[in-house]
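Here's the structure we're looking at; comments come further down.
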Amino acid sequence: MNYTSWFEQQLQASADGFIWAVTQVPAERRYCRPPKGLGEWNAARHLFHMLDYERQIALPVMQQWAGAAPAVVNWDEEAGWRANSSVAIEDLLDQFRAVRGEQNSLLPRFSEHAWHETQMTGWGPIPLSWLVSKTYQHTAEHTSDVLRMALFWDYYAREEQAGANVGEG
């Protein structure tokens, strides 16, 4: 298996899918709390989480295999969200594209050996292939969450309203 080409394709395709999912949520709902059944986070929060995770954790840890010093992660996502909760979706999407682009630009620098080389990370000792697989999995997870909002918002809103009306009368 050629890990470099596989992961280049998967990271690009999964980023494209996530970005597409965010744009499928109507603009007027992207910052609104979703109905029960669709989670606690709105689409903008999912996007910020993906951006911040990849910028603060995934990319710096990935850079270890390219020769950077081990990543020292001091991640305060909630503070980051509070400071960025009104940033335009388009700006967050651009930042996400840039960070994912940095990750993809690192991939050709890794030898076949590097994909199996274990390094110490916040997850413990892991190989590079695990780290990049985790990025792919994480993207799929949040793509699903956001796409569920795009597809099922109205359904869950009706269910939530019907449940609220049961006690009336």
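Counted the way our numbering counts, the sequence shown spans residues -10 to 158. For glycine and all other residues, C-beta sits at the position ideal for the given N, C-alpha and C.
Is the CB-CB distance between residue i and residue j below 7 angstroms?
{"i": "residue 124", "j": "residue 4", "result": "no"}
{"i": "residue 10", "j": "residue 88", "result": "no"}
{"i": "residue 7", "j": "residue 128", "result": "yes"}
{"i": "residue 76", "j": "residue 111", "result": "no"}
{"i": "residue 139", "j": "residue 117", "result": "no"}
By alpha-carbon positions, which one of the options ends up nearest to residue i?
{"i": "residue 31", "options": "38, 20 and 25", "result": "20"}
{"i": "residue 100", "options": "54, 35 and 142", "result": "54"}
{"i": "residue 14", "options": "119, 45 and 78", "result": "78"}
{"i": "residue 115", "options": "59, 148, 137 and 22", "result": "59"}
Could you please give me the residues that DSSP links to residue i through a beta bridge?
{"i": "residue 110", "result": "113"}
For chain C, check one thing: does any of its Cβ atoms lie closer than 7 angstroms to the Cβ of residue i?
{"i": "residue 6", "result": "Note that chain C does not occur in the displayed structure, where there is just one protein chain."}
Since residue i contacts residue j with CB under 8 angstroms, what's their CB separation in whole angstroms?
{"i": "residue 33", "j": "residue 81", "result": "7 angstroms"}
{"i": "residue 148", "j": "residue 28", "result": "With a Cβ gap of about 14 angstroms, residue 148 and residue 28 do not count as contacting."}
{"i": "residue 24", "j": "residue 153", "result": "With 8 angstroms as the limit, residue 24 and residue 153 do not qualify as a contact, their Cβ atoms being about 11 angstroms apart."}
{"i": "residue 43", "j": "residue 92", "result": "7 angstroms"}
### Message
Three or more C-beta pairs under 8 angstroms: does that hold for the region 55 to 73 against the region 121 to 135?
### Response
Short answer: they don't touch.
### Query
Does the pairing of the region 39 to 54 with the region 78 to 87 give three or more beta-carbon distances under 8 angstroms?
The count of Cβ pairs closer than 8 angstroms, one atom from the region 39 to 54 and one from the region 78 to 87, reaches three, so the stretches are in contact.
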